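Worksheet for the structure shown next.
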Amino acid sequence: MRIKNNRSPKIILIALFVFLTTNFLYAQETVTFRTDRDTYIAGESVWIQANCLKSGTSLPSDLSKVIYFEVLNFKNVPVKQIKLFAKNGSTATQLVLPDTLSTGNYIIRAYTKWMRNYNVDFYFSKNIAVINPFAKNSFPKADKVYNSDTLIFYPEGGKIIRNKRNKLIAQSFDNYGNCIPVSGEIISLGGEKIIELETSNEGYAVFHFTPDEPGTYLFRFADNLKPRTIALPRILEKGINLQLENETNNNLIFNLAVENSNSNISSEGVLHIIHSNGIFLKRYPVLLKNNEKVTISGKSLPSGFLSALLINNYGEVVSSRYFEVSQSNRIKSLSIETEKKSYTAREPVSVKLINKGGLKNISVSVVKDCLLNSKTQIGKSASPNTIPFQTFEELANNDISINDLLLCFSPLENVMTELPDFSFLPEINGEIISGTIMDLENMQAVDNKTFILNFVGKNPTIDFSLTDSLGRFNFVTHRYGEQEIVIQPLERDTSNLNYKVNLKPAFCHRYASKPIEPLFIEAKNALEINQSIINMQVTSLYQTLNSSQFLKKEVSNAACFYGEPEISILTGDFIELPTMEEIFREIVPNTHLIKNEGKFIIQISEDETLRSTDGESFCMVDGVPIRKSNNILKMSPGEVEKIDVVNYEYFVKSQRLGTLLNVTTNSGDMSAFRFDSRLFRQVYYCYSPTYLFTSPDYSLESTRNSRIPDFRNLLYWNPNLTFNVEQKANVSFYTSDEYSKYTIIAEGINNAGVVERHVSQFEVKE
């Protein structure tokens, strides 16, 4: 559509920008997941519980039924990818780590196809450590994170501006990455002391800083009695910062700190409040001038982590920060109680849980202490959603609030530079297989033609898609495991079958900007981790004797698309016949072989005594349509398992297929049929099956005294604990043969869609 040039480009841009700043600009759903622990041995299973939720809530999403999981290395290369079908927004399974992985830190991230329309920073992710005892670097060469004690400074709004009162939080570490108290002073470029600064025992300090000139300021302190300096972020001569000036239970006041070459010039902007899961909440017009204030009612905002984005009239995010609305009446959400704190080998453990805060989708795991991350992850994740809320509560005190701690997270950037084009559809009914089809003769898109997708196998399914002007198609599928797909035109004429199918990648190829930190292992933990490696090897060795530990949950692929056929002939029930022609003539009712130009076609009639006059029936072999039914007669009868006949007109969606014939072979893989190589055929990985975790039962004396060693690193895993009407639940399990310290981890989702973690410890002794 052509628009008259009667408005300035800026006004048109602002109008378009305002139109797009709706809920559809941000993700309407999010994925959260929990794992059984933080550290794994290569080849072990990562037990996962995942939920697809309406953003900012604990309610299941109505949009997507498929969740995509990826394990990424430090180069953002996927080393493992799986898809899970989420029923009522929930799913659980195991993800087996390849035993070829190098030792290091990895990221697990999860998302839906609909979420791929938006910024990847909204994807839920979690860092895990993987140790491979057989790799060259089975343990990192250095067990020190830093060369010496160090500080990291995080300015509010992402920058420090000259002549403005800037708020910063400092985080101090020793060389092992542990938070420690550090004292020193900030000095100017000329060495003049500006501020004295001392971090707490937890390693944090919040301070305000008003530099009077641009450049680099330093923090000076004593490290092992030797003077050291660390540079603060560079001071900018001009810029805009968004500052949270005041926070109460009722109101939040944001202030703009603006420094530019002409303080009399201001422009219009907008302040967006979005949930960190991606849901759009509020929009406030604002003038981008110094000391401009925006007051927001805290009661109008949900609990959980939120983001404030300051956007100029060009649609650029000029400053942003995370924040949360304080809850004065907050109570401890979940309590965990054990009968005692010390147990012996193969002894039963009973755990009582009380869900006081109404958490949803609670998972419980019991794992060795050394396989949990003991260090805070604040500042090392792209989003605060990846960190349990209790971590923030434990670090907050009278001097440092949770909103101060949220400064450790990098402000959102480039959220709106790539507006969503909604090229990825929500998978409401199942996985959508998308792509384009090109004509190989002229390399043009094959447009406005209907194509069929089938899976090779004994359980026929079918879907149709009409290509658009660009040759794009979308098929909806619902299958588990490794499959073979065939895509071909619906039309029967195969004389000009010369096309190329390009499948759109199932997984996202964009990655968050936050780099993966290198893995460092403290020497004091090396012994325990070495024992965990031995445990894994022993468990693998005796896994055939303990095969019940990982039970594959039975899953059924989509039902046969034509249901129960009127006629189904098992060829093994009859005397063996030498040719397929005789089989059809002698034992398959309602089928008729009509010879035309020296070749047979197969016709099906409604009644055995009548013949069809409607031409060739819709014939399939192992669920794949066959255009020339004469080729079925060339098959070996000994390789045919059954023949299904649908002797009435059959419709799928708006497509009339007519009468149906499906020949199922013994192998179910079309190996008994000469496949037309011009058709698109490819292996395709569908949903991963779900697995159930079980653990040994030592209630019987015979099993309790068994000589089979039990050195499980994970004693218990329940992905979705059920509570009674009083919000109480009990779990029970047996300890293993190892004497060690263990942690019970219970994680659930609060009403804001934020993961909460609660823990309790016990020990197994001789």
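Residue numbering for the sequence shown follows the numbering used here, starting at -14 and increasing by one per position. Glycine included, each C-beta is placed from N, C-alpha and C at the ideal position. Just so you know, these numbers come straight off a predicted model, no measurement behind them.
Keeping to the same chain, check which residues put their C-beta closer than 6 Å to that of residue i; ignore five residues upstream and five downstream.
i, result
"Gln640", "Phe449"
"Ser320", "Ile339"
"Thr214", "Leu203, Arg205"
"Lys443", "Thr649, Gly653"
"Glu322", "Lys337"
"Val279", "Phe239, Leu256, Tyr269, Val271"
"Leu706", "Ile347, Val349, Ala714"
"Ile281", "Leu237"
"Asn736", "Ser43"
"Glu624", "Thr650, Asn651, Ala657"
"Lys111", "Ile93, Thr371"
"Thr435", "Phe449, Leu451, Leu475"
"Gly74", "Asn36, Cys37, Pro45, Ser46"
"Ile730", "Ser350, Val744"
"Gln200", "The amino acid at residue 200 is misidentified as Gln; the sequence shows Gly. Leu174, Ile220, listed in sequence order."
"Ile628", "Ile554, Val573, Val648"
Return the Cβ separation of residue i and residue j in integer angstroms, given the expectation that the two are a contact with Cβ distance under 8 Å.
i, j, result
"Leu392", "Arg306", "7 Å"
"Leu80", "Lys65", "6 Å"
"Tyr757", "Val749", "With the chain covering only -14 through 751, there is no way to say anything about residue 757."
"Gly89", "Val115", "6 Å"
"Val302", "Leu295", "7 Å"
"Leu475", "Ile417", "Not a contact, Cβ separation roughly 19 Å."
"Ser252", "Leu221", "About 18 Å separates the two Cβ atoms, so there is no contact after all."
"Lys353", "Tyr727", "6 Å"
What's the gap between the Cα of residue i and the Cα of residue j?
i, j, result
"Pro83", "Glu741", "29 Å"
"Ile589", "Ile113", "59 Å"
"Ile225", "Val271", "13 Å"
"Glu561", "Met620", "14 Å"
"Asn615", "Ile447", "22 Å"
"Phe603", "Phe409", "33 Å"
"Leu504", "Tyr131", "12 Å"
"Glu232", "Pro287", "15 Å"
"Gly466", "Ser419", "18 Å"
"Gln228", "Ser745", "38 Å"
"Ile690", "Ile385", "Here the sequence assigns Asn to residue 690, which means Ile is not the residue at that position. Roughly 54 Å separates the two Cα atoms."
"Thr402", "His743", "Residue placement at Thr402 is poorly supported in this model, since its pLDDT is 37, which falls under 50; the coordinates still yield a value, given next. Whole-angstrom Cα-Cα distance: 38 Å."
"Ile180", "Gly169", "9 Å"
"Glu277", "Asn383", "28 Å"
"Ser261", "Tyr672", "28 Å"
"Thr479", "Phe559", "35 Å"
"Ala190", "Ile422", "59 Å"
"Ile146", "Val310", "27 Å"
"Met428", "Ser662", "19 Å"
"Tyr635", "Lys60", "51 Å"
"Val668", "Val486", "13 Å"
"Ile734", "Pro704", "13 Å"
"Glu571", "Met565", "10 Å"
I'd like the list of long-range same chain contacts for residue i, defined as Cβ closer than 8 Å, with 5 residues on each side in sequence excluded.
i, result
"Lys713", "Lys337, Leu338, Ile339, Asn340"
"Val16", "Ala35, Asn36, Cys37, Leu38, Ile52, Ala95, Tyr96, Thr97, Met100, Tyr108, Phe109"
"Tyr328", "Val334, Thr720, Phe747, Glu748, Val749, Lys750"
"Asn414", "Lys50, Val461, His463"
"Pro373", "Glu732, Val740, Glu741, Arg742"
Per the DSSP calculation, residue i is bridged to which residue(s)?
i, result
"Asp424", "Tyr484"
"Lys39", "Glu14"
"Gly548", "According to DSSP, Gly548 bridges with nothing at all."
"His257", "Arg268, Leu294"
"Tyr202", "Answer by DSSP bridge pairing: none, since Tyr202 is not bridged."
"Val441", "Its beta-bridge partners do not exist; DSSP assigns none."
"Pro212", "Ala207"
"Ser30", "Val81"
"Leu182", "Gly169"
Enumerate in chain order the residues of its own chain whose CB-to-CB distance from residue i is below 7 Å, with the five nearest sequence positions on each side excluded.
i, result
"Asp592", "none"
"Tyr670", "Glu467"
"Asn314", "Per-residue confidence for Asn314 stands at a pLDDT of 48, beneath the threshold of 50, marking its modelled position as unreliable; the derived number appears in the next sentence. Counting only Cβ-Cβ distances below 7 Å, and skipping sequence neighbours, we find nothing."
"Tyr683", "Arg331, Arg689, Tyr719"
"Met655", "Val441, Val606, Asp607, Val609"
Comparing the CB of residue i with every heavy atom of the ligand MN, is any distance shorter than 7 Å?
i, result
"Ile372", "Because no ligand of any kind appears in the structure shown, any question about the ligand MN cannot be addressed here."
Quiz prompt | Those runs of the alpha helix (DSSP H) which lie wholly inside the segment 564 to 631 and span at least 4 residues | solution = Counting whole runs of 4 or more residues, the segment 564 to 631 contains the alpha helix (DSSP H) stretches 565 to 571.
Exercise. Please specify which runs of the beta strand (DSSP E), each continuous and at least 3 residues long, are wholly inside the segment 93 to 170, giving them in chain order.
Key: Those beta strand (DSSP E) runs which fall completely within the segment 93 to 170 and span 3+ residues are 109 to 116, 135 to 140, 151 to 158.
Exercise. Could you pull out every unbroken beta strand (DSSP E) segment of at least 3 residues lying fully inside the segment 264 to 337, listed in chain order?
Key: The qualifying runs are 265 to 272, 278 to 282, 290 to 296, 302 to 309, 319 to 323.
Exercise. Give, in chain order, every unbroken run of the alpha helix (DSSP H) that is at least 4 residues long and sits entirely within the segment 673 to 746.
Key: The qualifying runs are 686 to 689.
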